[in-house]
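Asker: Per UniProt numbering, the sequence shown starts with residue 1, numbered consecutively.
Note that CB positions come from ideal geometry on N, CA and C, so glycine has one too.
None of the values given here were measured: they were computed from a predicted structure.
If you scroll down you'll find the structure; I have some questions about it.
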Amino acid sequence: MNREEIRVNGAFEPIAASIAALLEAKGLHETKGLAVALNASVVPRAAWARTRLMPGDEIEIVRAVGGG
Numbered sequence: 001m002n003r004e005e006i007r008v009n010g011a012f013e014p015i016a017a018s019i020a021a022l023l024e025a026k027g028l029h030e031t032k033g034l035a036v037a038l039n040a041s042v043v044p045r046a047a048w049a050r051t052r053l054m055p056g057d058e059i060e061i062v063r064a065v066g067g068g
């Protein structure tokens, strides 16, 4: 791990300024059904823009998929 990296869904990536910036950089513009956990704690959607990321943070991004 580089000192300026975070782990996103298990893979090391360059750090982004915030959760919202990370999602934008990953092309995840449609956020309906999306959930984000930062260091094993779910972050409410309303806090994505103001939640700053730090080197070494671990982020999990999941999308709910309907079906049966």
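Terminal residues of the continuous beta strand (DSSP E) containing Ile6?
Answerer: Walking along the sequence shown from the start, residue 6 turns up at place 6. Where Ile6 is concerned, the enclosing beta strand (DSSP E) stretches over Glu5 to Val8.
Asker: Identify which residue in Asn9, Ala17, Ala35 and Asn2 has its Cα closest to the Cα of residue 70.
Answerer: With the chain running from 1 to 68 in the structure shown, residue 70 is simply not present.
Asker: Using a Cβ distance threshold of 8 Å, determine whether the stretch 44-60 contacts the stretch 16-30, with at least three qualifying pairs required.
Answerer: yes
Asker: At what residues does the beta strand (DSSP E) containing Ala64 begin and finish?
Answerer: In the sequence shown, counting from the first residue as 1, residue 64 sits at position 64. Note, Ala64: premise wrong, no beta strand (DSSP E); not H, not E.
Asker: Would a C-beta distance cut-off of 8 Å place Val36 and Ile59 closer than the cut-off?
Answerer: Here residue 36 refers to the residue found at position 36 of the sequence shown. Here residue 59 refers to the residue found at position 59 of the sequence shown. At the C-beta level, Val36 and Ile59 come within 8 Å of one another.
Asker: Hey, how far is the Cα of Arg7 from the Cα of Val65?
Answerer: By 1-based counting over the sequence shown, the position of residue 7 is 7. By 1-based counting over the sequence shown, the position of residue 65 is 65. Going by the C-alpha atoms only, they are around 23 Å apart.
Asker: Determine the extent of the alpha helix (DSSP H) in which Leu23 is found, giving its start and end residues.
Answerer: In the sequence shown, counting from the first residue as 1, residue 23 sits at position 23. Per DSSP, Leu23 belongs to the alpha helix (DSSP H) from Ile19 to Ala25.
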